[in-house]
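Single-structure report; data block below.
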Amino acid sequence: MGGHTLMAYSNAQADKIYWHYTPNIKYSLGIDYQEDKITEQSFASARFTYLLHRKNTATSQRNLYLKSGVGLNDSDNHFYGLAGDWETRRLFVGFSAQQQSGQGYDLFEQTFKLGVAPYLGDYGDLHTWLMIETKKNDFDDRRTTYPVLRLFKGGALVEIGYHKKTDWDVHLMYRF
Amino acid sequence: MKTTLILGATLIFLASTSQAQHHHNMHDMHSHEGHMHEQMVDGKALEVDVERFDNFVSDIPGDKIAVVSVQGMVCDFCARGIEKSFGKNNQISKIDVDLASGKVLLGFQSDAEIDQAYIEKQILNNGLNTTAIQVLGD
Ligand SMILES: [Cu+2]
Numbered sequence: 309m310g311g312h313t314l315m316a317y318s319n320a321q322a323d324k325i326y327w328h329y330t331p332n333i334k335y336s337l338g339i340d341y342q343e344d345k346i347t348e349q350s351f352a353s354a355r356f357t358y359l360l361h362r363k364n365t366a367t368s369q370r371n372l373y374l375k376s377g378v379g380l381n382d383s384d385n386h387f388y389g390l391a392g393d394w395e396t397r398r399l400f401v402g403f404s405a406q407q408q409s410g411q412g413y414d415l416f417e418q419t420f421k422l423g424v425a426p427y428l429g430d431y432g433d434l435h436t437w438l439m440i441e442t443k444k445n446d447f448d449d450r451r452t453t454y455p456v457l458r459l460f461k462g463g464a465l466v467e468i469g470y471h472k473k474t475d476w477d478v479h480l481m482y483r484f
Numbered sequence: 076m077k078t079t080l081i082l083g084a085t086l087i088f089l090a091s092t093s094q095a096q097h098h099h100n101m102h103d104m105h106s107h108e109g110h111m112h113e114q115m116v117d118g119k120a121l122e123v124d125v126e127r128f129d130n131f132v133s134d135i136p137g138d139k140i141a142v143v144s145v146q147g148m149v150c151d152f153c154a155r156g157i158e159k160s161f162g163k164n165n166q167i168s169k170i171d172v173d174l175a176s177g178k179v180l181l182g183f184q185s186d187a188e189i190d191q192a193y194i195e196k197q198i199l200n201n202g203l204n205t206t207a208i209q210v211l212g213d
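Residue numbers (the working numbering), protein chains in the order written: chain A, 309 to 484; chain B, 76 to 213.
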């Protein structure tokens with residue numbers, strides 16, 4: 309089928325705009341542009357995501373993805389990682405483990421996310437998810453845990469997390 | 076950049092809200108013609124939401140209906156993908172994705188040949204699995 313996804317992220321580490329194309333469900337190719345807040349550099353990367361595993365049941369879907377990216381001008385900027393999720397219409401569990409490198413730094417980050425949909429909407433309705441996410445990296449070796457609100461309608465998904473130390477964590481996604 | 080993001084989010088939301096409105100209009104129509112849903116020719120019961128099924132067939136009288144049971148259909152992205160795939164087929168008159176029951180209803184023009192392998196392939200292209208296809212009105 310093939311589809312486009314446009315994403316934007318903003319958190320304590322980076323601001324990022326990311327577009328990818330998915331020719332089939334197995335993989336997607338894309339490009340992102342980011343402002344790395346650790347090195348204060350701005351650069352573009354090529355991105356590749358591969359679906360390692362998917363398991364469907366009548367009420368659930370489980371996925372495991374390989375993710376990678378490399379700076380177009382400087383391969384010192386790169387990352388690779390694993391991300392997985394299991395979801396039903398009611399529950400969401402997700403994790404990621406990612407090794408990231410920039411100019412003069414390496415960062416290993418793990419995240420874990422748990423979500424629940426307080427009501428089940430029909431296709432086309434506004435879907436709301438109440439989530440909690442916890443992140444830990446070996447940069448400052450501190451775990452941050454914060455609430456995330458996910459709103460999902462049509463092709464658009466918005467996630468907003470807030471933590472008093474790291475401030476806002478915003479993620480937008482639009483599929484077309 | 077954060078302000079831009081939050082602004083962008085709001086805009087995307089407003090845009091998609093007006094777009095998705097037609098789904099509801101479809102469910103508002105009420106008709107109880109075409110009570111094909113009780114029992115299949117092969118004796119198997121058809122597991123669909125009866126009211127939803129009646130609504131579906133009400134404005135496509137005489138069309139063949141394929142009821143597809145799908146695994147892994149957990150969110151609107153799945154549903155949108157399915158709509159997009161089957162939407163390309165001009166023999167298909169109507170599509171309804173019911174996430175709650177895991178069913179996709181497809182209306183085919185009365186002279187169409189329903190190819191089960193074709194249906195399964197579209198579902199698989201969306202990363203989902205077909206467990207059953209029941210055809211009515213053939
Ligand atoms: Cu989905």
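Here a beta-carbon is modelled for each residue, glycine too, at the ideal position from N, C-alpha and C.
How should residue i be labelled, buried or exposed, when 16 other C-beta atoms within 10 angstroms of its C-beta is the threshold for buried?
| i | result |
| --- | --- |
| residue 381 of chain A | exposed |
| residue 450 of chain A | exposed |
| residue 481 of chain A | buried |
| residue 360 of chain A | exposed |
| residue 467 of chain A | buried |
| residue 191 of chain B | exposed |
| residue 175 of chain B | exposed |
| residue 453 of chain A | exposed |
| residue 321 of chain A | buried |
| residue 184 of chain B | exposed |
| residue 113 of chain B | With a pLDDT of 48 at residue 113 of chain B, under the threshold of 50, the modelled position of that residue is not reliable, and the figure given next carries that caveat. Exposed, because fewer than 16 other Cβ atoms sit within 10 Å of the Cβ of residue 113 of chain B. |
| residue 383 of chain A | exposed |
| residue 132 of chain B | buried |
| residue 310 of chain A | exposed |
| residue 350 of chain A | exposed |
Starting from the C-beta of residue i, find all residues in its chain whose C-beta is less than 8 Å away, skip the five residues before and the five after it, and write them out in chain order.
| i | result |
| --- | --- |
| residue 327 of chain A | 312, 313, 314, 315, 338, 339 and 340 |
| residue 150 of chain B | 174 |
| residue 206 of chain B | 144, 145 and 146 |
| residue 177 of chain B | 144, 145, 146 and 148 |
| residue 154 of chain B | 148, 172 and 174 |
Sorted by chain position, which residues of the same chain lie with C-beta nearer than 6 Å to residue i's C-beta, five sequence neighbours on each side aside?
| i | result |
| --- | --- |
| residue 408 of chain A | 387 and 415 |
| residue 446 of chain A | 416 |
| residue 111 of chain B | Unreliable positioning characterises residue 111 of chain B in this predicted model, as indicated by a pLDDT of 47, which lies under 50. The coordinate reading is nonetheless provided below. So the list reads 211, once near-sequence residues are dropped. |
| residue 479 of chain A | 317 and 467 |
| residue 199 of chain B | none |
| residue 461 of chain A | 434 |
| residue 363 of chain A | 370 |
Give the residues of chain B in contact with residue i, contact being defined as C-beta atoms less than 8 Å apart.
| i | result |
| --- | --- |
| residue 483 of chain A | 152 and 155 |
| residue 435 of chain A | 150 and 151 |
| residue 396 of chain A | 149 |
Can you pull the chain B neighbours of residue i, defined as C-beta to C-beta under 7 Å?
| i | result |
| --- | --- |
| residue 369 of chain A | 147 and 149 |
| residue 460 of chain A | 151 |
Taking Cβ-Cβ distances shorter than 7 Å, what residues in chain A pair up with residue i?
| i | result |
| --- | --- |
| residue 203 of chain B | 364 |
| residue 177 of chain B | 366 |
Comparing C-alpha positions only, which one of the options sits nearest to residue i?
| i | options | result |
| --- | --- | --- |
| residue 210 of chain B | B:163, B:125 and B:143 | B:143 |
| residue 432 of chain A | B:135, B:158 and B:134 | B:158 |
| residue 346 of chain A | A:323, A:476 and A:455 | A:323 |
| residue 121 of chain B | B:180, B:156 and B:136 | B:180 |
| residue 405 of chain A | A:375, A:355 and A:365 | A:375 |
| residue 471 of chain A | A:366, A:401, A:440 and A:336 | A:440 |
| residue 371 of chain A | A:329, A:379 and A:357 | A:357 |
| residue 344 of chain A | A:413, A:423, A:436 and A:366 | A:413 |
| residue 424 of chain A | A:442, A:395, A:352 and A:336 | A:395 |
| residue 189 of chain B | B:147, B:201, B:138 and B:203 | B:138 |
| residue 427 of chain A | A:398, A:378 and A:443 | A:398 |
| residue 134 of chain B | B:123, B:169, B:124 and B:152 | B:169 |
| residue 373 of chain A | A:352, A:390, A:459 and A:379 | A:390 |
| residue 444 of chain A | A:474, A:334, A:368 and A:363 | A:474 |
| residue 477 of chain A | A:455, A:460 and A:459 | A:455 |
| residue 128 of chain B | B:182, B:152, B:161 and B:167 | B:182 |
| residue 401 of chain A | A:332, A:460, A:377 and A:368 | A:368 |
| residue 214 of chain B | B:130, B:197 and B:136 | Beyond the ends of chain B as shown, which are 76 and 213, falls residue 214 of chain B; an answer cannot be given. |
| residue 329 of chain A | A:420, A:403, A:436 and A:355 | A:355 |
| residue 419 of chain A | A:430, A:392, A:435 and A:350 | A:392 |
| residue 379 of chain A | A:363, A:365 and A:342 | A:342 |
| residue 411 of chain A | A:385, A:363, A:484 and A:403 | A:385 |
| residue 442 of chain A | A:366, A:403 and A:350 | A:403 |
| residue 167 of chain B | B:126, B:187 and B:156 | B:187 |
| residue 352 of chain A | A:332, A:463, A:448 and A:325 | A:325 |
| residue 377 of chain A | A:365, A:429, A:336 and A:348 | A:336 |
Confirm the yes/no value for this check: CB of residue i, any heavy atom of ligand 2, distance under 8 Å.
| i | result |
| --- | --- |
| residue 156 of chain B | Although ligand 2 was asked about, the structure shown includes only ligand 1 as ligands. |
So which residues of chain D does residue i contact, with C-beta pairs closer than 9 Å?
| i | result |
| --- | --- |
| residue 441 of chain A | No chain D appears in this structure, whose protein chains are A and B. |
Listing by chain order, which chain A residues have their CB less than 8 Å from the CB of residue i?
| i | result |
| --- | --- |
| residue 172 of chain B | 431 |
Along chain B, which residues have their Cβ under 9 Å away from the Cβ of residue i?
| i | result |
| --- | --- |
| residue 372 of chain A | Per Cβ cutoff of 9 Å: no residues; residue 372 of chain A is ~13 Å from chain B at best. |
| residue 428 of chain A | 174 and 175 |
Excluding the five sequence neighbours on either side, which residues of its own chain have a C-beta within less than 7 Å of the C-beta of residue i, listed in chain order?
| i | result |
| --- | --- |
| residue 459 of chain A | 434, 436 and 466 |
| residue 160 of chain B | 197, 200 and 201 |
Sequence-ordered residues whose beta carbon comes within less than 6 Å of a heavy atom of ligand 1: B:149, B:150, B:152 and B:153
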